[in-house]
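Below is one structure, written out as structure tokens; comments come after it.
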């Protein structure tokens, strides 16, 4: 028997993923994300908007060291962090923007300056109780994930937090790997449209694990205005973070490793057949992530990549730091040494005899010179 639909404000008609994912009829009766804190590492979040009333906790501003993250400083898109927070936990009490996990809490962390700031933001999120960390941002990266970000990601996973990041929005351009989505241990998300077709700009990279709605995925800006035509893997990342919150709320004792495995294993294959670089293992499906049985040996590319990277780093560190130990000579070495000494002694004897003969000859010649 189907449980009654969750009695929450109806989402806006533009939020097409609610129908795609059967959020109201199937998902919310099981989980709304209640009890889960989602860190939004971005441009800050305007906590004063009606659509986010009561769900934004006091966070931090890593950029300046001042403020609590509850103000959005983004002017390029007029409120990127606010938009991501509303996709996750919007309350529908302003312009009607409803998040997929309205029972979740938002921990706003302003950190957009670079690698060091992001790493510090991840650590702050972990230390302040975030079970899900959303990073809807990225930068082209030609050198690979840096050690500070790797360390922060490991810190999060070791403390049972899930990190979700956008895959990148330049798939039809240079399509270079993007940090931090490329970092081992990060659940990187590509974008699809309402027909489940890969967005033309979604990154084509081997680190892409799954995909989620990201085309015309509208949300509110920092003024509270609804913007319907936003496209990007940022939105796909935020919506995936909300699904992670739903799962963590339903299974509070489930470890981050199993949560990620469940998200990947229940995804629907879309795009090119099988696992592909645009959509990874496929479209995230919240209802199936909540109810399906997942085999313990199901693929977990995110944690497998992290473990492989750690093992490689550990091996490299051991090779570099291992002291050179002088080996004690064995029998073969001793035999070779005795043979060498014997040869040297024989040569010495011959040389000595020759030296005596030469000296005798010199003496004879000298005597002859004197007697003349």
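In the UniProt record's numbering, the protein residues as written are 1 to 372. Every residue gets a Cβ at the ideal spot worked out from N, C-alpha and C, and that includes glycine. Treat the numbers as computed from the prediction; the structure is a model and nothing was measured.
In the three-state reduction of the DSSP assignment, residue 60 falls in the strand class, which pools E and B. Here residue 306 carries a helix assignment [DSSP, helix/strand/coil]. Residue 129 and residue 57 have their C-alpha atoms some 11 Å from each other.
Here the alpha carbons of residue 59 and residue 124 stand approximately 9 Å from one another. The beta-carbon separation of residue 236 and residue 211, rounded to 6 Å, stays under the 8 Å limit for a contact. With fewer than 16 other beta carbons inside 10 angstroms of its own, residue 194 counts as exposed. The three-state secondary structure of residue 18, taken from DSSP, is helix. Around the beta-carbon of residue 223, fewer than 16 other beta-carbon atoms lie within 10 Å, marking it exposed. Per DSSP, the continuous beta strand (DSSP E) segment holding residue 212 begins and ends at 208-213.
DSSP places residue 75 outside any beta strand (DSSP E), giving it a letter other than H or E. Contact between the stretch 201-208 and the stretch 154-164 is absent, with fewer than three C-beta pairs closer than 8 Å.
Take residue 302, set aside five residues on each side of it, and the residues of its chain with a beta-carbon closer than 6 Å to its own are 187, 209, 260, in chain order. Here residue 18 is buried, its C-beta having at least 16 other C-beta atoms within 10 Å. According to the DSSP secondary-structure assignment, residue 39 is paired through a beta bridge with 107, 133. Note on geometry: alpha-carbon atoms of residue 67 and residue 120 lie some 15 Å from one another. In this structure, residue 88 places its C-beta atom within 8 Å of the C-beta atom of residue 104. Contact annotation, residue 265 with residue 313: C-beta distance approximately 27 Å; criterion of less than 8 Å not satisfied. In the DSSP assignment, residue 256 falls within the unbroken alpha helix (DSSP H) covering 256-265.
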